[in-house]
Amino acid sequence: MAAVIGLGAAIGVAQDKEAIIKERRDTMKRQGDDFKAIADFIKGEGGVDQATALAKAQDLLTIAPKIPSLFPAGTSLADFPGKTGAKPDIWKEPDKFKAVIPVLEGEEHKLVDAIKSGDKAAIGAQLGATGKNGCGACHTPFREKLT
Ligand code: HEC
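Numbering-wise (our numbering), the sequence shown opens with residue 15 and increments by one.
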């Protein structure tokens, strides 16, 4: 009986972990959607106006501080192959992983300022910098692309 209860608990934990993997992938996709909307504003596509682009940049700033909490132990690609692209190095070098967050936030604050200015060349340059120095600084060492 105890073994059965223990197994049930283990399955429950696995489901919690899969739920958080889904939540983090959805959150990452939301950041990607925010990026796309800002890029559409720059190109004058998709009917995205300046206020919407600004709201998307502010959405990025609300997401950034939550990112580390989406990576509990035991949710790497070694634990859930094919379901997550989170490399085990995230948990081996947690300080390096978390250090990206303030850099990302700094770039996103500059992105908000650029969008407020309305200068599309400046917004484009800052969107690129945010992707490279923020998102990319974490993806390059810590993310494996899922096929
Ligand atoms: C501190 C690390 C970190 C930062 C910062 C970060 N990401 Fe990610 N991102 C990851 C990891 C790790 C994965 C893989 C997650 C998984 O598969 O569970 C990922 C996955 C993704 C995915 C793929 C989601 C999917 O499953 O299809 C997108 C899109 C994405 N990130 C966009 C962004 C954007 C845009 C930014 C910047 C605004 C960003 N990320 C910032 C670590 C980060």
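Cβ atoms here follow ideal geometry from the backbone N, Cα and C, with glycine treated the same way. All figures in this text were calculated on a predicted structure; none of them were measured in a lab.
In the structure shown, A87 adopts coil according to DSSP, grouped into three states. Relative to the non-hydrogen atoms of the ligand HEC, the Cβ of H153 comes within a distance shorter than 8 Å of at least one.
In the DSSP annotation of this structure, the continuous segment of the alpha helix (DSSP H) that includes T154 starts and ends at G150 to F156. With a cutoff of 8 Å, P82 counts as near the ligand HEC, since its C-beta is closer than that to a heavy atom of the ligand. With a 10 Å radius around the Cβ and a threshold of 16 neighbouring Cβ atoms, V62 comes out buried.
Look at Q140: its beta carbon is at least 8 Å from all of the heavy atoms in the ligand HEC. Comparing C-alpha distances from H153 to each of T66, L75, P102 and D54 shows the shortest one belongs to P102. The three-state secondary structure of A100, taken from DSSP, is strand. Put simply, of I81, M42 and F49 the residue whose alpha carbon is nearest the alpha carbon of K70 is F49. At a cut-off of 3 residues, not a single continuous stretch assigned as beta strand (DSSP E) sits fully inside the segment 16-62. Judged by DSSP secondary structure, I81 falls outside any alpha helix (DSSP H); it is assigned neither H nor E.
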